[in-house]
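Structure record follows, encoded as structure tokens.
In my numbering, the protein residues as written are 1114 to 1184.
Laid out in structure tokens, this is it:
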């Protein structure tokens, strides 16, 4: 049903995607390891781009206002 050329093109596209994913992991390997060791979350934001977040930021609270003393 499909020509051999279509299967070959599909294989080439698949291989290119694999190489791009490999390159992305290699580029970001050190910063990702740094973040994981500190317990940060890592989100992929595109080729060679990551978003790193320290979950402790979610636990921060605003200090209650201090009552002023009137003399």
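Each residue gets a CB set at the ideal place from its N, CA and C atoms; glycine is no exception.
The model shown is predicted, which means the values in this text are computed figures rather than measured ones.
| query | result |
| --- | --- |
| Which residues in the same chain as residue 1156 place their Cβ atom closer than 6 Å to its Cβ, once the five residues preceding and following it in sequence are excluded? | 1164 |
| Among the candidates 1179, 1160, 1171, 1173, whose CA atom is the shortest distance from the CA of residue 1136? | 1160 |
| Have a look at the DSSP bridge pairing and note the partners of residue 1156. | 1164 |
| Under the three-state reduction of DSSP, which class applies to residue 1144: helix, strand or coil? | helix |
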